[in-house]
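Peer 1:
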Amino acid sequence: MFENIIAIVNEVADLLKLDKTAREYLLTPKRVVKVSFPVRMDSGRIRRFEGYRVLFNDALGPGKGGIRFSESVGEDEVKTLAFLMVIKNALMGLPYGGAKGGVRCDPKQLSTGELERTAREYVRYLHTYIGEDLDIPAPDLGTDPRIIAWMLDEYIKITNRYAFGTFTGKPPLLGGSKTREIATGLGGYFIFEKAIEEFGLEVEEIAVQGIGNVGGSFVKIAYEHDKKIVAVSDTSCTIYNENGLEVEEVLDYKRKNGRLAGFPGGKELPSDYILKLDVDVLVPAAVENVITEENWKDIKAKLILELANGPTRITVDGKLREKGIVVVPDVLANAGGVVVSYLEWVQNRMGYKWEEEEVRSKLRRIISRAFGEVVAKSEEKRIDLRRGSYLLAVSRVMEAATLKGEI
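In the working numbering, the protein residues as written are 9 to 415.
#1: In chain order, what residues of the same chain lie with their CB nearer than 7 Å to the CB of I415, ignoring the 5 residues before and after it?
#2: Quick check on this structure: which residue in P145, G150, K228 and V47 has the alpha carbon closest to the alpha carbon of G252?
#3: Thinking C-beta only, is V335 closer than 8 Å to L371?
#4: Counting along the chain, where does the beta strand (DSSP E) carrying Q217 start and finish?
#5: For the candidate residues R404, G59, V131 and A146, whose alpha-carbon lies nearest to that of V111?
#6: Name the two residues that bound the continuous beta strand (DSSP E) containing A171.
#7: At a cut of 8 Å, does the region 78-85 reach the region 93-100 through at least three beta carbon pairs?
#8: Would you identify the three-state DSSP class for E250, choosing helix, strand or coil?
#9: Do you know how far the Cα of G413 is from the Cα of P46?
#10: Looking at I214 and T176, is the spacing between their C-beta atoms short of 8 Å?
#11: Can you give the Cα-Cα distance for L142 and L283, rounded to whole angstroms?
#12: Could you give the distance in angstroms between the alpha-carbon of M358 and the alpha-carbon of D148?
#13: Using a threshold of 8 Å, state whether the C-beta atoms of G193 and S241 are closer than that.
#14: Can you list, in chain order, the residues of its chain with a C-beta nearer than 7 Å to that of Y231? Leave out the 5 residues immediately preceding and following it.
#15: Would you identify the three-state DSSP class for T126, choosing helix, strand or coil?
#16: Rounded to a whole number of angstroms, what is the C-alpha to C-alpha distance between V62 and K87?
#17: For M100, is the beta carbon positioned less than 7 Å from some heavy atom of the ligand ATP?
#18: I'd like the ranges of any beta strand (DSSP E) spanning at least 3 consecutive residues and lying wholly in the region 327-362.
#19: Kindly indicate the opening and closing residues of the alpha helix (DSSP H) around I14.
#20: Pick helix, strand or coil for I138, following the three-state DSSP scheme.
#21: Find the nearest neighbour of R395 within the set E19, E364, D27 and H135, judged by alpha-carbon distance.
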């Protein structure tokens with residue numbers, strides 16, 4: 009995935025006429041911390057876990073990015089995701105650099121007690137690298153507000169400071185913001201509305217690949233706004249109904265059964281068949297690299313809204329554009345989560361809470377402004393939205409770094 013990033017950054021660097029030193033600055037993380045820490049299992053044995061925290065760039069402010077618990081966690085993955093946070097935060101105009109962290113584990117195989125001890129031990133080993141003015145973590149894949157609450161509690165015990173802004177994505181009683189749990193899906197829906205308006209698209213049918221937290225939030229919000237969701241998928245299958253799915257029933261079935269296979273309200277198709285459906289909008293909300301050189305010709309949608317990180321290989325961007333398909337890139341489409349994290353951080357610093365409508369209004373305003381800036385830059389330079397997004401973000405990071413004398 010980092011190869012994708014290097015390629016697109018070099019394209020943008022060419023447009024900005026950046027020299028070798030500037031390119032190295034952009035693509036080199038400021039700090040990579042790797043730790044190995046012990047956790048006592050319920051059985052009494054000691055098991056060691058690998059933990060990471062990468063601060064990729066802090067030209068615009070303290071690091072900001074999630075902590076994931078996953079077996080895929082490793083230095084390359086965390087570094088890649090930290091760089092994406094640099095771009096995303098700069099693009100949204102947030103006063104943050106980019107960071108990411110994680111623990112290599114399968115959280116589903118850990119008991120509640122083991123999960124808590126792992127979360128607390130991670131903070132014990134890495135607490136000197138995080139803080140509300142230094143690097144602010146949040147939930148990510150395999151983590152949730154409960155895990156963040158344990159981490160916050162451990163941080164408070166170690167530092168003897170009630171610095172609630174050190175973590176975002178917290179439970180509301182511990183300073184969490186309203187709408188945070190649906191923020192990525194909600195922000196994606198706001199971008200979806202802006203895109204169909206901007207490009208004059210008539211949208212009747214939507215297909216969503218992946219209905220976890222992000223995809224599930226998006227389909228629920230779209231359904232509440234009278235949009236027709238004709239297909240959803242997970243690793244077990246695609247469920248398709250040309251007349252539109254009853255979204256609440258789909259989500260309830262998925263919650264109870266853990267998979268979509270067997271859902272009675274639609275036709276069951278292979279999991280990857282969702283990419284081939286003749287729909288107006290395709291929303292990849294699962295994993296990276298699902299639209300590739302091998303299958304891009306199968307895409308029939310007018311609009312691809314990337315709610316997952318890196319679902320489209322950048323080598324096919326041009327081919328999709330030639331087909332007349334609008335691709336709204338991940339760094340723009342799925343930024344709602346970090347925007348609401350920022351709003352949570354601001355509330356924590358003020359010691360004040362906004363009502364849900366105010367949070368939604370601020371999210372819509374920030375993300376809509378970013379969309380407008382990307383469209384304007386893309387039209388000015390005659391490039392696609394992905395390159396327009398990166399061009400804007402990179403130029404902001406480089407300007408800040410130059411002003412600070414870092415390059």
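By construction, the Cβ of each residue, glycine as well, lies at the ideal position given by its N, Cα and C atoms.
Peer 2: Reading off the structure:
#1: For this step, residue 415 is matched to residue 407 along the sequence shown. The beta carbon of I415 is closer than 7 Å to those of T29, A30, Y33 and A409 in its chain, skipping five residues each way along the sequence.
#2: Sequence index remark: in the sequence shown, residue 252 carries index 244 (1-based). Closest in alpha carbon position to G252, among P145, G150, K228 and V47, is K228.
#3: The residue given as residue 371 occupies position 363 in the sequence shown. The residue given as residue 335 occupies position 327 in the sequence shown. No, the pair does not count as a contact, with Cβ atoms beyond the cut-off.
#4: One-based indexing of the sequence shown puts residue 217 at position 209. E213 to Q217 is the span of the beta strand (DSSP E), which, as asked, contains Q217.
#5: For the purposes of this step, residue 111 is taken as residue 103 along the sequence shown, with counting starting at 1. Relative to V111, the option among R404, G59, V131 and A146 whose CA is nearest is G59.
#6: The residue labelled residue 171 in the question sits at position 163 within the sequence shown. No beta strand (DSSP E) contains A171, which DSSP labels as neither H nor E.
#7: no
#8: Indexing the sequence shown from 1 puts residue 250 at position 242. Three-state result, E250: coil.
#9: The residue labelled residue 46 in the question sits at position 38 within the sequence shown. The residue labelled residue 413 in the question sits at position 405 within the sequence shown. Taking the straight line joining both Cα atoms gives about 41 Å.
#10: As a working note, residue 176 is residue 168 in the sequence shown. As a working note, residue 214 is residue 206 in the sequence shown. Result no, Cβ atoms of T176 and I214 do not sit closer than 8 Å.
#11: Along the sequence shown, one-based indexing puts residue 142 at 134. Along the sequence shown, one-based indexing puts residue 283 at 275. Rounded to whole angstroms, L142 to L283 spans 41 Å at the Cα level.
#12: Translated into positions along the sequence shown, residue 358 becomes position 350. Translated into positions along the sequence shown, residue 148 becomes position 140. Cα to Cα, M358 sits roughly 25 Å from D148.
#13: By one-based count along the sequence shown, residue 193 stands at place 185. By one-based count along the sequence shown, residue 241 stands at place 233. Annotated as distal: G193 and S241, with beta-carbon spacing of 8 Å or more.
#14: The residue labelled residue 231 in the question sits at position 223 within the sequence shown. Cβ contact annotation for Y231 (same chain, cutoff 7 Å, sequence separation greater than five): I237 and V255, in chain order.
#15: Against the sequence shown, residue 126 aligns to sequence position 118. Of the three classes helix, strand and coil, the one that applies to T126 here is helix, per DSSP.
#16: Residue 62 sits at position 54 when you count from the first residue of the sequence shown. Residue 87 sits at position 79 when you count from the first residue of the sequence shown. Their backbone Cα atoms lie some 6 Å apart in a straight line.
#17: The ligand ATP is not among the ligands present in this structure, which contains no ligands whatsoever.
#18: 334-336
#19: By one-based count along the sequence shown, residue 14 stands at place 6. Here the alpha helix (DSSP H) through I14 covers F10 to L24.
#20: Counting from 1 along the sequence shown, the entry for residue 138 is found at position 130. Residue state, collapsed to three classes: coil.
#21: Indexing the sequence shown from 1 puts residue 395 at position 387. Per the Cα distances, E19.
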